[in-house]
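Chemist: Residue numbers (mature numbering (1 follows the signal peptide of the UniProt record, and there is no 0)): -20 to -1, 1 to 277.
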């Protein structure tokens, strides 16, 4: 047993050191086209449109089959709504924040991820929030926090277990997962393929709608403002993702390793920005399995 522990420790140390030794291109030195391409996930994955079309179709069917708690308003804005898919009374709850670079998509497009969780007795709450350019980053972050707090305050009413909550989000939803951590009591935060440093986006095509200046980018960057506390943070990213997406996750992992948050980092080999979402949705996916494991702890 002692030898096994030593071997495991050596392996963990090796992979951790390998992770920290990663060298990524310096975004400061990128020209406009290279920087834009470094954050253009749909361009990097040509089949992403077909994948999303299928997900949207599945999500529409799933929402139609589970109409009990749809489009519940948590604020006055049109997109300040949540969906809650109940798996029964006193059930664990996954809160999911959707992606789309803060300017595309909606909670409705991602309902498909709740299907297998419900079959496993886990309820799912989907967060909607206002998008750029109608809302700026301050407002988007504020709405997301408000939504997560609203969900936490109503879980007992809807049958969810307030002591069994995991907050997760994909892409820009990974960013909002971290900025919303202090809004609800949770077992863990699990950001997937997230963006934690907003400054590189100021000079990219994404800022046409986001309209961030340096002050707003800094204010809303988890790299500069790690939430206080000791909530576990489990970071996931795909090994086949764009280098900037991988760099963001690697660097944020190093950042939180210096805090009181228990943490882990998993880069899933061969997975791109979109197949990472499958890792959340499918029961055999590593992220899905991590959620099940965390609820059992």
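C-beta: ideal position from N, C-alpha, C; glycine also.
For residue 24, which residues does DSSP report across the bridge?
Modeler: The partner list for residue 24 (beta bridge, DSSP) is empty, contrary to what the question assumes.
Chemist: May I ask you to report which of helix, strand or coil DSSP gives residue 61?
Modeler: Strand.
Chemist: With distances taken Cα to Cα, identify the nearest neighbour of residue 167 among 58, 40 and 275.
Modeler: When each option's Cα is compared against that of residue 167, the closest is 275.
Chemist: Decide yes or no for the touch test of the stretch 230 to 244 against the stretch 186 to 198: beta carbon pairs closer than 8 Å, at least 3 of them.
Modeler: No contact exists between the stretch 230 to 244 and the stretch 186 to 198.
Chemist: Using DSSP with H/G/I as helix, E/B as strand and the rest coil, what is residue 144?
Modeler: In the structure shown, residue 144 sits in a strand (DSSP, three-state: E or B).
Chemist: So what's residue 56 in DSSP terms, helix, strand or just coil?
Modeler: If DSSP states are grouped into helix, strand and coil, residue 56 belongs with coil.
Chemist: I need the straight-line Cα distance from residue 162 to residue 103, nearest angstrom please.
Modeler: Those two C-alpha atoms are separated by around 21 Å.
Chemist: Just verifying my parser: in three-state terms, what is the DSSP assignment at residue 218?
Modeler: Note: residue 218 maps to strand in three-state DSSP.
Chemist: So what does residue 149 bridge to, in DSSP terms?
Modeler: Paired residue(s): 77 and 171.
Chemist: Can you name the start and end residues of the alpha helix (DSSP H) that residue 267 belongs to?
Modeler: It spans 266 to 276 - the alpha helix (DSSP H) in which residue 267 sits, taken as one unbroken run.
Chemist: Work out the CA separation of residue 215 and residue 134 for me, nearest whole Å.
Modeler: Roughly 27 Å between the two C-alpha positions.
Chemist: Considering only C-alpha positions, which residue in the set 255, 269 and 157 is nearest to residue 21?
Modeler: The shortest Cα separation from residue 21 among 255, 269 and 157 belongs to 255.
Chemist: Distance check for residue 131 and residue 52, CA to CA, integer angstroms please.
Modeler: Answer to the nearest angstrom: the Cα atoms are 10 Å apart.
Chemist: Ordered along the chain, which non-local residues of its own chain (more than five positions away) have a Cβ less than 7 Å from that of residue -12?
Modeler: Below a pLDDT of 50, predicted positions are generally treated as unreliable, and residue -12, at 38, falls in that range; the measurement from the model is reported next regardless. Closer than 7 Å at the Cβ level, and outside the excluded window around residue -12, lies no residue.
Chemist: With residue 258 as the anchor, note down where its alpha helix (DSSP H) starts and where it stops.
Modeler: Looking at the DSSP string, the run of the alpha helix (DSSP H) that includes residue 258 is 255 to 261.
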